[in-house]
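Before any comments, here is the structure.
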Amino acid sequence: MTAAALTANVIPLDAGAPVAAASFLGDIPALALEDGTLFFVMPGSGQHISVHPDAAILTAATSAGHFITGGDDGRVVVVSQDGTAQEIANEKGKWIDALAARDDGAVAWSCGKDVRARDHHGAIKTFAAPSTVRGLAFMPKGYRIAIAHYDGASLWFPNTAAPPEPFKWKGSHLSATVSPDGRFLVTSMQENTLHGWRIPDKKDMRMSGYPAKTRSLSWSFDGQWLATSGADAAIIWPFKDKEGPIGKAPLECGARQVRVTSVAFHPKSLVVAQGYEDGLVMLCRVPDGAEILVRPPPAAGRAIGALAWDGTGRRLLFGAADGAAGLLEMPA
Amino acid sequence: MAAVAAITLEFRVSEKIPVTVLTGYLGAGKTTLLNRILTEDHGRKFAVIVNEFGEIGIDNDLVVGADEEVFEMNNGCICCTVRGDLIRIIEGLLKRRGKFDAILVETTGLADPAPVAQTFFVDADVRDAARLDAVVTIADAKWLGDRLKDAPEAKNQIAFADVIILNKTDLVSTEELHDVEARIRAINPYAQLHKTTNCAVPLDAVLGRNAFDLERILEIEPEFLNGGDDPEHDHDHHDHHGHEHHEHHHRESHGLKHYHDEDMQSVALSINGDVDPEKFVPWLQDYVQKEGGSILRAKGIISFKDEPKRFVFQGVHMLLDGDLQREWKPQEKRVSRLVFIGRNLKEDEITQGFLSCAA
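Heads up: the protein sequence lines correspond to chains A and B, in order. Read left to right, the first sequence gives residues 21 to 352 (my numbering). Read left to right, the second sequence gives residues 118 to 476 (my numbering).
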């Protein structure tokens, strides 16, 4: 039994549908649900907002005070904290497969091979990737987007005519993320591995040993650690020095006999929130691995699909594949 | 009422979604069959995955365009190609779980069915959520003979099929029909064959086949020996094996002309008795590793020495799925059978290898 527990500080919630993503819109905890709605958590109850009627939310991203959702109706919608929804794209007949957003209001999405970037003025640029795109991420500096596709990734400057810079590695690349210092590009792969490139010299890094695909990646606030899902513990890779994780073993936090499905680093301290396939949620401290239980696994609990901290790190929102959710308020 | 609803929901969550693959050369009638399945009054809801450049409209609410993106898995298995778009689409469709009961995948006329099937072996998420029910190949009775000569894709599709719809039979004479049927049987004697016009087949001929389910591999007999859809045929052929130590199936029987396809064949073998698992399992694994590129489908029911249960396996190219199944029945003859369908199969090598596994 874990000594420390915050289970008494969790407000249980029922979102009513499988949770695809979690975020805080300003102060308001919000969940994007697979049934096409957003669920705003309000004191005492909550409010459902239909964003993709008769459709499913396939992917979601957040930026300052906004939830951006992409559906199998081909629409990209920006929802503000007052609940107003603005459609910024309608890719008729297609699915929105990947999304990325940035605090200045820029949004990128993909449908099939097409990647579109919309800057904060609303100007849209298009890039046709060599194959279907599964993951997008903004670079921390400059208007540049990392694109994961088959046989590698590309870095694209939407505002220049230059062709995107290719980063090649055979196989199917799924999610993409870039380290906060802009030095490392990491993708998760179909083959249950991560692949990384040191961007300046394109040196390859293989981070393998996962029993399942990694679909959740989170950087620590100081950019020195990358937490990942896909194993029976959160696998946390060190990116402290120039070489990144090359030649180093990762940390394993919260090892159980159950798969970690979602990870989210605390915004101000080296603590990672992690959710498991059976619905358990815990906090782990890096690097010593001390554990604090947030939510014990409910009977017939389903996978935690989303985790989000608020900006201060005082509250943690989580949601599961059965629509169960919860809000942790850290003790003062 | 509430309790019943909860049980239904639980059932849906745990149930794997059946996926039927419709393949066939251009113009054979894939879309006709698809629309027939969709419009029949069956109360089932389908999600349909079609190639983006389909020519005829599909009469369904949930239609997803696919791009047939095939990629190699980076896992050292050289012919292990999968349909990347299918992984992505099935993952997306799961978010609409409960709004459909089954998935139909229509491939392009030139598609190789293997990557579709291999996707269900290789991707854990797809495998957890969905199961491949059967590969259904639609063939044009008038033109299949020509396509088998000039289009390797058409031959692949016939060889790979669990169910073959021989369509447009009204456009050919009885002799021509016999001829094309014999040509199909030379390549694939195991598929269920239905002769149709306008793809008019009962739905249960194409849906709910469980062709890739180990639990449902009950016997391995050439389908035309079992009668197929030939009503006047009797079913007393099960015991005519085993009067030698091993034998090949008789292909020349039952009035069909005997054709031998030059590059696509099936090899069926049996051992009248037990097999040594210590020899058989490594042999099978090594053999498909070495020759998997030319083996399209493999199936077997094996009697392991001192094992009360039947060992069944099935495979696609280099990928194998095998397990102990039900117990041998007391009156059941413990015969070990396997069949490979493939291109330029080395019959002598396979025979020798299998026979040397006898216990």
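All C-beta atoms, glycine included, are put in the ideal place defined by N, C-alpha and C.
Here the C-alpha atom of B:D403 lies approximately 30 Å from the C-alpha atom of A:Y170.
About 6 Å separates the CB atoms of A:F147 and A:P184; that is less than 8 Å, so the two are in contact.
For A:D92, the residues of chain B that pass the 7 Å Cβ criterion are G209, in the order they occur in the chain. Residue nearest to B:S453 within the set B:S387, B:L210, B:K426, B:A258 is B:S387 (criterion: CA-CA distance). At a cut-off of 8 Å between beta-carbon atoms, B:A241 makes contact with chain A. Straight across, the Cα-Cα distance linking A:S282 with A:G325 is about 6 Å. Note that the C-beta distance between B:V138 and B:V222 is below 8 Å. Taken in chain order, the whole beta strand (DSSP E) runs of length 3 or more contained in the segment 291-316 of chain B are 309-312. The beta carbon of B:M190 sits closer than 8 Å to some beta carbon of chain A.
Going by DSSP, A:N110 is part of the beta strand (DSSP E) stretching over 105-110. Counting along the chain, A:W257 sits inside the beta strand (DSSP E) bounded by residues 254-258. For A:K112, the closest Cβ of chain B is not nearer than 8 Å.
Here the segment 336-349 of chain A makes no contact with the segment 226-237 of chain B; the two share fewer than three CB pairs at distances below 8 Å. The beta carbon of B:R161 sits no closer than 8 Å to any beta carbon of chain A. For A:L78, the nearest beta carbon of chain B is closer than 8 Å to its own beta carbon.
Within the segment 62-97 of chain A, the beta strand (DSSP E) runs of at least 3 residues that lie entirely inside it are, in chain order, 65-70, 77-83, 86-91. The Cβ-Cβ distance between B:A234 and B:T254 does not fall below 8 Å. With the rule of 3 Cβ pairs closer than 8 Å, the segment 384-399 of chain B counts as touching the segment 415-422 of chain B. The CB of A:S240 never comes closer than 8 Å to any CB in chain B; the least such distance is about 28 Å.
Assigned with DSSP and collapsed to three states, B:Y142 falls in coil, not helix or strand. B:V199 is positioned such that its CB atom lies no closer than 8 Å to that of B:F217. Following the DSSP letters along the chain, one finds B:V243 inside the alpha helix (DSSP H) bounded by residues 241-246.
Shown here, A:L300 sits in coil according to DSSP, grouped into three states, outside any helix or strand. Leaving aside the five residues that flank A:H140 on each side, the residues in its chain whose CB is nearer than 7 Å to its CB run, in chain order, D124, G125, A126. Of the residues A:I77, A:D201, A:D330, A:R322, the one whose Cα lies closest to the Cα of A:L119 is A:I77. When only Cα atoms are considered, A:T332 and A:K288 end up about 7 Å apart.
Counting the other Cβ atoms within 10 Å of the Cβ of B:D287 gives fewer than 16, which makes it exposed.
Listed in chain order, the alpha helix (DSSP H) runs fully inside the segment 167-234 of chain B are 201-210, counting runs of at least 4 residues. Taking a 10 Å sphere around the C-beta of A:K233, we find 16 or more other C-beta atoms and assign the residue as buried. Under the 8 Å criterion on CB atoms, A:Y296 is classed as non-interfacial with respect to chain B.
Within the same chain, Cβ atoms closer than 6 Å to the Cβ of A:A81 are found at I88, L119, A120, A121, the five residues on either side in sequence being excluded. For the set A:D308, A:L205, A:A173, A:A284, the Cα lying nearest the Cα of A:P265 is the one of A:L205.
Closest in alpha carbon position to A:R305, among A:S249, A:A328, A:F259, A:W245, is A:W245. In the structure shown, the three-state DSSP call for B:Q442 is strand.
Note that the C-beta distance between B:L150 and B:F163 is not below 8 Å.
Residues of chain B whose Cβ lies closer than 9 Å to the Cβ of A:G325 do not exist, since the nearest Cβ in that chain is about 11 Å away.
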